[in-house]
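These protein sequence lines are chains Y and W, in that order.
Under numbering that gives the first Met the number 0, think of the first position of the first sequence as 0, with each following residue one higher.
Under numbering that gives the first Met the number 0, think of the first position of the second sequence as 0, with each following residue one higher.
There are 2 protein chains.
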Amino acid sequence: MDYSIGEVSKMTGLSPSTLRFYDKEGLLPGLGRQGGKRIFDDGHVRSLRVIECLKSSGLEIRDIRKFMDLTTKGSASYAQRKELMEEQRSKTLEQIDEMQQTLAMLEYKCWYYDEALSCGNEDFAADAPASLPARGRELYERAFPRDEEEGTR
Amino acid sequence: MDYSIGEVSKMTGLSPSTLRFYDKEGLLPGLGRQGGKRIFDDGHVRSLRVIECLKSSGLEIRDIRKFMDLTTKGSASYAQRKELMEEQRSKTLEQIDEMQQTLAMLEYKCWYYDEALSCGNEDFAADAPASLPARGRELYERAFPRDEEEGTR
DNA sequence: TCTTGACTTAAAGCCAAGTTCAAGTGGGAA
DNA sequence: TTCCCACTTGAACTTGGCTTTAAGTCAAGA
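Okay, structure coming up:
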């Protein structure tokens, strides 16, 4: 099954200009034309899904191009491709960890402002985490793992 | 305890020019000077940690400034600050979900290239996921939840 | 035949988030 | 005094990832 750029745009949520940009950047090797117009197939659509993942794992366009170039080299590049995927996997695990940290901080802050709202002031945290009630201390310690003591605000 | 820009740079990992940029953008309200030089205190260092979290939750500089402005308004802004934190918390949960999706894809690809390496070709996936061994199918289905059938590459 | 709509290109433009640069200041040590 | 070092400023520059623009092509339908 073949698709026009407009169809692929709807299928992937990427704008036509983004698709042209990706093509120009070499992210879609082997993309054909018919009467000057780009012809996409299911393989390209699948590639675009992989590209989105690689992008959100932190790869830049130029590195994604390198990967796509590898895919054109067949079995000679399996080892390199595997290595790249493993590196991105471990980077993604780290990113998830960081997001969990961010989340912990946000959850502490949600609790904090909830408490501030019901107290009318922030005095309860004047000497955080020591001065906090159990729930607050727990959230605080998850949010700031290294801080064992002290702290205003 | 007071700190110079260089000390804060070491404490936070942010470059001096980033700290100056944040100051200029209004992210550090109430930052004082002594003989023209910026004087940071522990409150500013704590603010910088919060700023990093807000940034990684997806907030832009201009929105972080708005939040920092709210903190100067005392109890009158608790509700708004709480709302902002709750919104960022839910955005962060979504982002973590997306990262888990990305991770699932990368784990499938790791398995895939491992398999390709030991087979010397990609034929095992010619009709994925149907043609895949149990482990591969499981990873595939986590990586592409909507795809119930078909697929080369 | 004429219009319409979806496509094409190269080049320029845009935005966020810094970074770099050039020129200058202030204070302590040799 | 002279030197150095860490700091200051405003302005220009950089980077990545698109998006916009201007001008043009092509095929189908009225």
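Note that CB positions come from ideal geometry on N, CA and C, so glycine has one too.
In this text, all values refer to a predicted model and were calculated from it rather than measured experimentally.
Decide if residue i is buried, meaning its Cβ has at least 16 other Cβ atoms within 10 Å, or exposed.
| i | result |
| --- | --- |
| residue 80/W | buried |
| residue 67/Y | buried |
| residue 142/W | buried |
| residue 92/Y | exposed |
| residue 135/Y | buried |
| residue 148/W | Interpretation of residue 148/W is limited by its pLDDT of 48, a score under 50 that renders its predicted location unreliable; no figure is taken from the coordinates. |
| residue 9/Y | exposed |
| residue 127/Y | buried |
Please list the partners that residue i has in chain Y, where partner means a Cβ-to-Cβ separation under 7 Å.
| i | result |
| --- | --- |
| residue 108/W | 84 |
| residue 113/W | 81 |
| residue 130/W | Correct list: empty, because the minimum Cβ distance to chain Y is about 16 Å. |
Answer yes or no: do residue i and residue j have a C-beta to C-beta separation smaller than 8 Å?
| i | j | result |
| --- | --- | --- |
| residue 64/W | residue 31/W | no |
| residue 47/Y | residue 69/Y | no |
| residue 123/Y | residue 116/Y | no |
| residue 1/W | residue 38/W | yes |
| residue 7/Y | residue 44/Y | yes |
| residue 98/W | residue 84/Y | no |
| residue 105/Y | residue 56/W | yes |
Using DSSP with H/G/I as helix, E/B as strand and the rest coil, what is residue i?
| i | result |
| --- | --- |
| residue 123/W | helix |
| residue 143/Y | coil |
| residue 6/Y | helix |
| residue 135/Y | helix |
Listing by chain order, which chain Y residues have their CB less than 9 Å from the CB of residue i?
| i | result |
| --- | --- |
| residue 78/W | 112 and 116 |
Along chain W, in chain order, which residues have C-beta atoms closer than 7 Å to that of residue i?
| i | result |
| --- | --- |
| residue 88/Y | 102, 105, 106 and 109 |
| residue 56/Y | 101 and 105 |
Listing by chain order, which chain W residues have their CB less than 8 Å from the CB of residue i?
| i | result |
| --- | --- |
| residue 95/Y | 95, 98, 99 and 102 |
| residue 92/Y | 102 |
Please list the segments of the beta strand (DSSP E) lying wholly inside the segment 10-37 of chain Y, counting only runs of 3 or more residues, in order along the chain.
31-33
Counting only runs of 4+ residues fully inside the segment 58-102 of chain W, write out the alpha helix (DSSP H) ranges in chain order.
60-70
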